[in-house]
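Using the numbering used here, read the sequence shown as starting at -15 and increasing by one per residue. For every residue, glycine included, the Cβ atom is placed at its ideal position computed from N, Cα and C.
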Amino acid sequence: MARTKSDAGEPAEASSKKQKKPKKQRWYHQVWAAYQMTRRQDPMVTWLMLAVFLGIVAVALLIGVLTGHWVYALIVGVPFGVLGAMFVLTRKAERAAYTQIAGQPGAVRAALGTVRGGWNFDDEPVAVTRQQDLVFRGVGRPGVVLVSEGPAHRVTKLLADERKRTVRVLPNVPVTLIQVGDGEGQVPLPKVARQVQKMKKRLTRAEAAEVGKRLKALGGVRLPVPKGVDPMNARPDRKGLRGR
């Protein structure tokens, strides 16, 4: 009886090559996805982008007519118009992303993921309550920052307790407390990353790295946090919420 290729034991690698590889997402696919998400949150974004684009092109064309080089001005104005529209989309998409994750457990950690400048933030909170109030910890050249998520009347003591815990391990390192929320004295979620980046540097890179190593001994609470702008899959660790 004749043996088929499958009977002959076709190598797994050969069969896997026949399967279609997932297509890589192009940059314009990402732009379109960001536009779709933003339009759901802010339907006016289309008209605002169009207004910025046409405004920049109109100004460039006017300058070209006055100087007698309108064709050259138009060629230059169109790319600048596109850049202006993309700038508007970027800012609006950022706001839409924050709106989408606002109110979800771990939203602060998702926002802190955009912080640059050598900062390292733990993926897991260092403190959590039954009401899902959270405290996240970051280490950078300005020192240690503790960022809370929850109402001020509940997280104030939570932050103070975590600060005492941190100071016992690092008595000479600056510890900054930031409350994220919409209450008085709190920092709104969209502004927390900027608030952290504005902090003055007080440690060298080597000192900051040493601080990070020593803080690892303190550990944290295992709790999934939303990644990017998709917070709906985040589910708190029930054991952590009960206080292990």
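Check this for me: beta carbons of residue i and residue j, under 8 Å apart or not?
i, j, result
"residue 111", "residue 146", "yes"
"residue 163", "residue 151", "no"
"residue 186", "residue 125", "yes"
"residue 87", "residue 135", "no"
"residue 102", "residue 192", "yes"
"residue 173", "residue 131", "no"
"residue 259", "residue 159", "In the structure as shown, the chain begins at -15 and stops at 228. Residue 259 is therefore absent and cannot be evaluated."
For residue i, which residues of its own chain have a beta-carbon under 7 Å away from its beta-carbon, when the five flanking residues on both sides are left out?
i, result
"residue 30", "23"
"residue 80", "21, 22, 25 and 26"
"residue 32", "72"
"residue 196", "104 and 123"
"residue -10", "Its pLDDT being 45, under 50, residue -10 is placed unreliably by the model, and nothing is read from it."
"residue 18", "73 and 77"
Smallest Cα separation from residue i: which of the options?
i, options, result
"residue 122", "196, 136, 105 and 137", "105"
"residue 69", "140, 168 and 40", "40"
"residue 62", "71, 44, 52 and 49", "44"
"residue 115", "129, 81 and 133", "133"
"residue 15", "143, 67 and 118", "67"
"residue 113", "128, 142 and 65", "142"
"residue 181", "98, 119 and 188", "98"
"residue 304", "188, 183, 137 and 184", "Since the displayed the chain opens at -15 and closes at 228, residue 304 lies outside it and no answer follows."
Report all residues from its chain with a CB closer than 6 Å to the CB of residue i; omit the five preceding and five following residues, and keep chain order.
i, result
"residue 83", "25"
"residue 190", "none"
"residue 53", "none"
"residue 36", "68, 69 and 72"
"residue 118", "109, 112 and 133"
"residue 183", "126"
For the alpha helix (DSSP H) holding residue i, just list the boundary residues, first then last.
i, result
"residue 39", "29 to 51"
"residue 61", "54 to 85"
"residue 196", "189 to 199"
"residue 106", "Unbroken run through residue 106: none, as it is neither H nor E."
"residue 173", "Per DSSP, residue 173 belongs to no alpha helix (DSSP H) and is neither H nor E."
Go to residue i, then tell me how far its beta strand (DSSP E) extends in each direction, as first and last residue.
i, result
"residue 160", "159 to 164"
"residue 122", "118 to 124"
"residue 127", "127 to 133"
Does any residue of chain D bring its CB to less than 8 Å from the CB of residue i?
i, result
"residue 21", "Absence of chain D from the displayed structure is noted, only one protein chain being present."
Enumerate in chain order the residues of its own chain whose CB-to-CB distance from residue i is below 8 Å, with the five nearest sequence positions on each side excluded.
i, result
"residue 58", "41, 44, 45 and 48"
"residue 198", "153 and 154"
"residue 34", "69"
"residue 234", "Since the displayed the chain opens at -15 and closes at 228, residue 234 lies outside it and no answer follows."
"residue 12", "none"
"residue 188", "125"
Are the region 155 to 168 and the region 68 to 84 touching, with three or more C-beta to C-beta distances below 8 Å? no
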